[in-house]
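Taken in order, the sequence shown gives residues 1 to 325; the numbers are from UniProt numbering.
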Amino acid sequence: MKECQICGTLNFKKNTYCTHCGCMIVEENICQYCGVKNPDTSTVCINCNRPIDPVAIEDFEDLFNIFNVKLLVDSKFTIADYNSILNNMFKKLDYMNIDGKTPKDKVLQIANVFTIVVPKSSGVVNGEYGSPIIFYDDRLDESLQISTIIHELAHFLLFDFSVNILCNIFDVKSSSVVKSFVEYFLTLDEMRIINEFYAHTVENRFIPLKYQSFNSFKHCVFSSGMTTNDVWQEMELGFTMAYDIIRHLEKYIDENLRQSIKLQFKMDMVDSKNSIDFDSPKVLLDDDKKIEVFIGLMAYHFYDLYNNEEARKELEPIKNRFEFK
């Protein structure tokens, strides 16, 4: 089968025109590793003997090659691609009836559409995202369970979004190899700061003001020996990407559900934890800038691993976790 580049419909290999949209299917048998054009019938490159169009990247040697480095550095990824990925990620919620009896049940239903969400069996942290599972402490008041689930869902959505971006640029399907790089990338110091500011921004949109905080973000910043003034650019990117996730989540965590969440906080009489004691961005990065900055960061760290075989060994246990799920 081959995919129509216009509408995405799968067609028989012999088809010249798409059976769905009628557009001509352009097929150039070019090897993604060495760039050599091959005969239409070839499945293995006549020059380097590698698969011409792998369904998925299954080992690190196939991921970290100079061709993929160039694809990232010279990325043609557009805002249309960006929005298309986000729309497709959230489309699955349109087919679900969110009918939980409590606000926590409804938020849990939403999160479970994207990934596995389970109660924690131990530990003192309210919740955590661990590839590819969200854990939350069900011993907490329901209001705090709600905020925890939203926060950890935000982390997962950034991970999933990043995987989709990389697969789009490399023109491959998702795999444990691609996921392991993204997981590694998002936990590097610079990205961890962006990730935590972003996740808190998403969480704070859906909970009452006096319960909002940026505690884990501030911990990341201060443990790196910096202040919030030193990470303004990181906050700008985190704020901008949070907005993109929020505008999709608001369709499902709507005004009625937000009011129910607000009431749940009042019923639980949770102590206020507002600790927003620093200035933060109020203006979004423009479309070109946010793509340039995010993919630029991804390309920089991808190139680092391409040049460091020893460092790539850190990805192996991460890959194993994705394969174990």
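Just so you know, even glycine gets a beta-carbon here, dropped at the ideal spot from N, CA and C.
Just so you know, these numbers come straight off a predicted model, no measurement behind them.
Rounded to whole angstroms, the separation of the alpha carbons of Val177 and Glu58 is 6 Å. Under a 10 Å Cβ-count criterion, Pro39 is classified as exposed, with fewer than 16 other Cβ atoms of the shown protein chains found around its own Cβ. His151 and Thr201 have their C-alpha atoms some 9 Å from each other. Beta-bridge analysis with DSSP links Val107 to no other residue.
Within the region 181 to 214, complete alpha helix (DSSP H) segments of at least 4 residues are found at 189 to 205, given in chain order. With distances taken between CA atoms, Asp279 lies nearest to Asp230 out of Asp230, Leu263 and Asp268. Secondary-structure assignment with DSSP links Ala80 through no beta bridge to anything. The alpha-carbon separation between Ala299 and Asp81 amounts to approximately 17 Å.
Distance from Thr115 to Ile133 at the Cβ level is roughly 7 Å; contact confirmed, criterion being Cβ atoms closer than 8 Å. Contact annotation: the region 287 to 297 touches the region 236 to 251, with at least three C-beta pairs closer than 8 Å.
For the pair Lys120 and Asp137, the CB atoms are nearer than the 8 Å cut-off. Under the three-state reduction of DSSP output, Lys91 falls in the helix class. The beta carbons of Asn195 and Leu153 sit about 13 Å from each other, so the pair does not count as a contact at 8 Å.
In this structure, Leu166 is the residue among Ile146, Phe135, Leu166 and Thr78 with its C-alpha nearest to the C-alpha of Ala56. In this structure, Ser175 is the residue among Met191, Val293, Ser175 and Ile276 with its C-alpha nearest to the C-alpha of Ile318.
For Gln145, the number of other beta carbons within 10 angstroms of its own is at least 16, and it is reported as buried. Along the length of the region 234 to 298, whole alpha helix (DSSP H) runs at least 4 residues long occupy 255 to 268, reported in chain order.
Straight across, the Cα-Cα distance linking Thr43 with Asp171 is about 16 Å.
Looking only at Val221, Asn29, Phe197 and His248, the smallest Cα-Cα distance to Leu93 is reached by His248. Rounded to the nearest whole angstrom, the CA to CA distance from His219 to Met96 is 37 Å. Pro119 carries a strand assignment under DSSP once its states are collapsed to helix, strand and coil.
Shortest Cα-Cα distance from Phe322 to any of Tyr211, Val182, Ser223 and Gln233 involves Val182. At the C-beta level, Ala111 and Val118 stay beyond 8 Å of one another. For Ile66, the enclosing alpha helix (DSSP H) stretches over residues Ile66 to Val73. Ranking Met269, Tyr243, Glu309 and Phe214 by CA distance to the CA of Lys290 puts Tyr243 first.
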